[in-house]
Structures are given as structure tokens and as C-alpha cells.
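Chemist:
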Amino acid sequence: MSGSVLEVRDLEVKLAAFVILRGISLRVPHGEIVGLVGRNGAGKTTTLRSIIGLVPILRGSVHLNGQELTHRSPHERVRLGIGYLPEDRRLIASLTVEENLLLPLWAADQDNGGNRLARIYDLMPEVKRLADRRAAALSGGQQKMVALARAVMAGTKLLLLDEPFEGLAPLLARHLAEVIRALRDVAVLVTESDVNRMRLLTDQICTIERGEMVLDSAAGATGSLPAITPERDARSNVQ
Numbered sequence: 000m001s002g003s004v005l006e007v008r009d010l011e012v013k014l015a016a017f018v019i020l021r022g023i024s025l026r027v028p029h030g031e032i033v034g035l036v037g038r039n040g041a042g043k044t045t046t047l048r049s050i051i052g053l054v055p056i057l058r059g060s061v062h063l064n065g066q067e068l069t070h071r072s073p074h075e076r077v078r079l080g081i082g083y084l085p086e087d088r089r090l091i092a093s094l095t096v097e098e099n100l101l102l103p104l105w106a107a108d109q110d111n112g113g114n115r116l117a118r119i120y121d122l123m124p125e126v127k128r129l130a131d132r133r134a135a136a137l138s139g140g141q142q143k144m145v146a147l148a149r150a151v152m153a154g155t156k157l158l159l160l161d162e163p164f165e166g167l168a169p170l171l172a173r174h175l176a177e178v179i180r181a182l183r184d185v186a187v188l189v190t191e192s193d194v195n196r197m198r199l200l201t202d203q204i205c206t207i208e209r210g211e212m213v214l215d216s217a218a219g220a221t222g223s224l225p226a227i228t229p230e231r232d233a234r235s236n237v238q
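Given below as C-alpha cells:
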């Protein structure tokens, strides 16, 4: 596959005495949504954290538009256009919604927040209505929307979305999927435990089991994708 925004090659990650990822390779082209599907503990989150630079890589490499990122810090990767939505959201409770949105740009020493805010508010008007509210006052669903908006603020080239639908009511999950589908000007890698949801959302599905990639398929394929029980977690997470 040519023209990939993200290319991960033979990624191996070891935490303490345990090998968590074994030879993970994947590509995400511009304008496409790729799903990384697996059970809890399969290695989905560690894969995203490796790409953004939050866990050390033992072997392998990460490339963004052909530029190797393997030894770059997380804030350097954000500066290059990677946005990250962590599973636990990690909003700063004492800051307003708008301040939370601007936080990755401040950390990366970027000053084009005004233009990006306008784009976010056009894409997600419900977030604009919350702009002056403190994160501590948001519901779990509102937190998830704001965390996605924050990722989009930074992710001008690549978005890494870790379990974005976890704990959401069906109506809000459908709305969030519509927002993600509209992000066709970037590459998107999204993790999920529900294969059926990924078939509806993504262009391609990669399946991970016990830290190894076991299957790639077009999202519309109806072949031998394994049945995976969705994870349920309705925790509310602000810091």
C-alpha cells in the first residue's frame, strides 16, 4: 500500500519482563479509517501508545509520511500532526473545555489555535456550546466528545483513537461515529472490541490477539473475522 500517512514496521514492545507486542506492522493511508480490533489485553492500547511515544519500543519503527518517529518524544510527534484520544480521556478538571482543547497546541508550542478551534466548532457545534464550562462539570459522554475534539485539534495528519465508543449510550456512540466518518482529510487509526461496529465505520480492519497481528481485511468483508465480546466500562475520567 503506497501513500500511507502512518507506517508501523515490526513493532516489538516489552514492559517489565513481558513482551506485549510482537512484530506489529500496519499502514494507514491518507483519508482512510483503519480499525484495530481485539479483546481487552490484546495490545490495542499499547500499540497506540507506542505510536504516540508514550511507551518505549524495543524493536521496529514508526513512520509518519515517510519520516521516522521512533526516537522522537511525544510532544515532537504532536507537533508533527498526531492527535491522540486516550481510552480514559484525561481531561484537566480545573480547565474549561476550550482550555482543554488548546492544551496540546500549548504543549507543542504552536500558536494557530484560533483557526483550529473554528474548524472544531464547525465540526462539533455541541463542543462549542460547552466551551466555557469546566471539564469537571461534564457528563461522561460530553467528556468523550471534548477528548475527541482535543485529539482533532492536534491531529492534522493522523488521529489515534483508543476505544472512543466505550461506555457511551447507543445514540451518542452513533453521533460520535458520524463525526469520525467526517474526518476524511486525515488518516485515522481507531481501536475497538466490537467487530461489527468497525465494519460499519472503517475502510480496513486489523485484528490483534495477544500482541500479534492475526488478520487484515476490508471492513466490508464477511469472512472469518473472529467474534469478539464488546468491553463495557462506563467510568467517568477527568483528572
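Per numbering that gives the first Met the number 0, numbering of the sequence shown is gapless, rising by one per residue and ending at 238. C-beta atoms are modelled at their ideal positions from N, C-alpha and C, and glycine is treated no differently. Small disclaimer: the values here were computed from a predicted structure and weren't measured.
Tell me where the beta strand (DSSP E) around ILE19 begins and ends.
Modeler: Its beta strand (DSSP E) spans residues 17-28.
Chemist: Please give me, in chain order, every unbroken run of the beta strand (DSSP E) with length at least 3 that falls completely inside the region 51-88.
Modeler: Entirely contained in the region 51-88, the beta strand (DSSP E) runs reaching 3 residues are, in chain order, 58-63 and 81-84.
Chemist: With a threshold of 8 Å between beta carbons, is ALA186 in contact with chain D?
Modeler: Chain labels in this structure do not include chain D; a single protein chain is all it has.
Chemist: By the DSSP assignment, the alpha helix (DSSP H) with VAL12 in it spans what residues?
Modeler: Premise fails: VAL12 lies in the beta strand (DSSP E), 3-14, not in any alpha helix (DSSP H).
Chemist: By the three-class DSSP mapping on this structure, what secondary structure does ARG209 have?
Modeler: Three-state result, ARG209: coil.
Chemist: Buried or exposed for ARG115, please, with buried defined as at least 16 other CB atoms from any protein chain shown within 10 angstroms of its CB.
Modeler: Buried, because 16 or more other Cβ atoms sit within 10 Å of the Cβ of ARG115.
Chemist: If we count Cβ pairs, one from each stretch, closer than 8 Å, do we get three or more for the region 60-79 versus the region 192-200?
Modeler: The region 60-79, when compared against the region 192-200, does not touch it at the 8 Å Cβ threshold.
Chemist: Among SER60, GLU177 and ASN39, which residue has its Cα nearest to the Cα of ILE23?
Modeler: The residue with the shortest Cα to Cα distance from ILE23 is SER60.
Chemist: Can you give the Cα-Cα distance for PHE17 and GLY34, rounded to whole angstroms?
Modeler: Computed Cα separation, rounded: 25 Å.
Chemist: Using a Cβ-based criterion (distance less than 7 Å to any ligand heavy atom), does ILE81 qualify as near the ligand NAP?
Modeler: In the structure shown, the ligand NAP is absent, as is every other ligand, since no ligand is present at all.
Chemist: Are the CB atoms of LEU5 and ALA186 within a distance shorter than 8 Å?
Modeler: Taking 8 Å as the Cβ cut-off, ALA186 and LEU5 qualify as a contacting pair.
Chemist: By a C-beta neighbour count over all protein chains shown, 10 Å radius and 16 as the cutoff for buried, is ASN99 buried or exposed?
Modeler: Buried: at least 16 other Cβ atoms inside 10 Å.
Chemist: Spell out the partners DSSP gives THR95 in its beta bridges.
Modeler: DSSP lists ARG133 as partners of THR95.
Chemist: Based on the DSSP output, what are the partners of ASP161 in its beta bridges?
Modeler: Per DSSP, THR190.
Chemist: Just to confirm the assignment, what range does the alpha helix (DSSP H) spanning VAL185 have?
Modeler: Run containing VAL185: none; DSSP gives neither H nor E here.
Chemist: State the Cα-Cα distance for the pair GLN238 and ALA135, rounded to the nearest angstrom.
Modeler: Reliability of the predicted coordinates at GLN238 is poor, the pLDDT of 46 falling under 50, and no value is obtained from them.
Chemist: Work out the CA separation of SER93 and GLU31 for me, nearest whole Å.
Modeler: Cα to Cα, GLU31 sits roughly 35 Å from SER93.
Chemist: Please tell me whether THR95 and ALA130 are closer than 8 Å, where the distance is taken between their beta carbons.
Modeler: Yes, they are a contact pair.
Chemist: Write down the C-beta distance between LEU10 and CYS205 rounded to the nearest angstrom, noting that I regard them as a contact closer than 8 Å.
Modeler: Incorrect: roughly 12 Å between the Cβ atoms, too far for contact.
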